[in-house]
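Numbering-wise (the numbering used here), the sequence shown opens with residue 1093 and increments by one.
Quick reminder that beta carbons are idealized off the backbone N, C-alpha and C, glycines included.
Working notes for the structure below.
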Amino acid sequence: MTPDRLRALCLSFNAAAEEFPFGPDASVFKVLGKMFALSRLDARPLTVNLKCDPQDAVRLRAGHEGLIVPGYHMNKRHWNTVTVDGGLPDRLVKELVEDSYDLVVAGLPRAERLRLDRA
1093 MTPDRLRALC
1103 LSFNAAAEEF
1113 PFGPDASVFK
1123 VLGKMFALSR
1133 LDARPLTVNL
1143 KCDPQDAVRL
1153 RAGHEGLIVP
1163 GYHMNKRHWN
1173 TVTVDGGLPD
1183 RLVKELVEDS
1193 YDLVVAGLPR
1203 AERLRLDRA
């Protein structure tokens, strides 16, 4: 997964936007103002913070030791930092990004979720 592919993946979701609230180096991907991914796209190794179901987070960390770790500067129960530049299959990275987006959307008010479904 390259930085450009990661950016394109995050922006491929309905109503997704890239913002820079932490400075020009930190890309924050949001849906309707709520963050679902955070990455320094110029960092090596390339990592992304993603929201995750707490039970899945523990399982993923155990199954991909060193590549999926508790979220850096995030709530460690709900966020993972995922190294995406080679150690994990791109298919898994895509699933993790999509799961993060879906978790955030599920937490939106019903009216906003319905608005996303129509867009």
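Where residue i falls, given that 16 or more other Cβ within 10 Å makes a residue buried
| i | result |
| --- | --- |
| T1094 | exposed |
| S1104 | exposed |
| L1206 | exposed |
| G1158 | exposed |
Inter-residue Cα distance where the pair is residue i and residue j
| i | j | result |
| --- | --- | --- |
| N1172 | A1107 | 23 Å |
| D1117 | P1201 | 30 Å |
| D1148 | D1096 | 27 Å |
| N1167 | D1191 | 17 Å |
| A1109 | G1178 | 25 Å |
| V1174 | L1138 | 8 Å |
Proximity winner among the options, relative to residue i (alpha-carbon distances)
| i | options | result |
| --- | --- | --- |
| L1133 | L1101, E1204 and R1183 | L1101 |
| L1142 | R1207, G1178, L1098 and R1205 | L1098 |
| V1189 | R1153, D1209, L1130 and P1137 | L1130 |
| G1163 | G1199, R1183 and C1144 | C1144 |
Residue range of the unbroken alpha helix (DSSP H) whose run includes residue i
| i | result |
| --- | --- |
| E1071 | This structure gives no information on residue 1071, because the portion of the chain shown stretches from 1093 to 1211. |
| L1180 | Note, L1180: premise wrong, no alpha helix (DSSP H); not H, not E. |
Opposing strand residues paired with residue i [DSSP bridges]
| i | result |
| --- | --- |
| K1122 | A1109 and M1127 |
Near the ligand MG: residue i beta-carbon under 8 Å from a heavy atom
| i | result |
| --- | --- |
| R1183 | What this structure holds is no ligand at all, so the ligand MG is not there to describe. |
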